[in-house]
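A.B. asks:
Numbering (the working numbering), first residue to last: 744 to 834.
Below, the structure written as structure tokens:
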């Protein structure tokens with residue numbers, strides 16, 4: 744027995760292909776694209792919401808209702824807050 748590290752035999756070499764695990768998962772088949780393109784879509788959504796006055800309409804619809812406040816702890820310490828944190832709480 745030595746104190747030298749053993750070579751990582753399980754790690755594929757550059758000439759070997761990594762195993763394709765997609766066939767081992769039961770995932771639904773959809774027509775949705777694999778990427779949502781959110782960095783491109785978010786500015787478009789914000790512009791559309793501003794153009795249609797979405798915020799003002801929602802504020803008007805909620806006028807007179809009791810205020811609802813949800814106090815929740817910080818999301819995660821490893822990055823900036825994003826919509827995924829909200830989805831995590833909503834779904």
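Every residue, glycine too, gets a C-beta built ideally from N, C-alpha and C.
Values in this document were obtained by computation on a predicted structure and should not be read as measured data.
For residue 760, does the three-state DSSP call read helix, strand or coil?
C.D. replies: Reduced to three states, the DSSP call for residue 760 is coil.
A.B. asks: Taking the alpha helix (DSSP H) that residue 809 falls in, what are its first and last residues?
C.D. replies: It is not in any alpha helix (DSSP H) - residue 809 carries neither H nor E in the DSSP assignment.
A.B. asks: So, for residue 811: in the same chain, excluding its five sequence neighbours on each side, which residues have a beta-carbon less than 6 Å away from its beta-carbon?
C.D. replies: Within the same chain, residue 811 has no close Cβ partners at all.
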